[in-house]
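Asks: Residue numbers 18 to 140, in our numbering, belong to the letters of the sequence shown in order. We put the CB at the ideal spot given by N, CA and C, even for glycine. Following this message is one structure expressed as structure tokens.
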Amino acid sequence: MFDNTLEFLSLNGRSLEEAFMMMIPEPWSKNHNMDAKKRAFYEYHSMLMEPWDGPASIIFTDGIIMGASLDRNGFRPSRYYLTKDDFLILASETGALHIDENNIAAKKRLEPGKMLLVDTARG
18 MFDNTLEFLS LNGRSLEEAF MMMIPEPWSK NHNMDAKKRA FYEYHSMLME PWDGPASIIF
78 TDGIIMGASL DRNGFRPSRY YLTKDDFLIL ASETGALHID ENNIAAKKRL EPGKMLLVDT
138 ARG
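In structure tokens:
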């Protein structure tokens, strides 16, 4: 059902990122530091559909854009590595793959409600 809704929204003119933000918004209602435009986006779209709550760690793609996100509660772990030879590796657990420490450019984790996006066409 989730994938059908995401596909429906993107086939009807929404970018993949925008459709995903509509479906799984970050915690916005009590975030007083959020940009006014972004808050307006979430407020408007909250009237169109209920948010999909987790727990969930979701990876999505349209063949060009690859994204990953946690639900706004962040109950599922998602950690990622960016390697010096341009690989992005995301897994729910550290150590899912052996990666030479000398090849790691960055180690991070997804935060609740946040999104990681990679445009594979532009690099």
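For a test of the three-state rule: what should DSSP assign to THR22, helix, strand or coil?
Replies: The count along the sequence shown starts at 1 and reaches residue 22 at position 5. DSSP places THR22 in helix when its eight states are reduced to three.
Asks: Under a three-way DSSP split, which group does MET39 fall into?
Replies: Sequence index remark: in the sequence shown, residue 39 carries index 22 (1-based). In the structure shown, MET39 sits in a helix (DSSP, three-state: H, G or I).
Asks: Output the boundary residues of the beta strand (DSSP E) element that contains PHE77.
Replies: On the sequence shown, position 60 is the one that residue 77 refers to. Unbroken beta strand (DSSP E) run through PHE77: 74-78.
Asks: Can you check whether the CB of ARG89 is closer than 9 Å to the CB of ILE41?
Replies: Locating residue 41 in the sequence shown gives position 24, counting from the first residue. Locating residue 89 in the sequence shown gives position 72, counting from the first residue. In this structure, ARG89 lies closer than 9 Å to ILE41 by Cβ.
Asks: For ARG126, report the span of its alpha helix (DSSP H) as first-last.
Replies: Position 109 of the sequence shown, counting from 1, holds the residue named residue 126. Here ARG126 belongs to no alpha helix (DSSP H); instead the beta strand (DSSP E) covers 121-126.
Asks: State the Cα-Cα distance for the pair ILE106 and VAL135, rounded to the nearest angstrom.
Replies: Stepping through the sequence shown from its first residue, residue 106 is reached at position 89. Stepping through the sequence shown from its first residue, residue 135 is reached at position 118. Using only the alpha carbons, I get a separation of about 12 Å.
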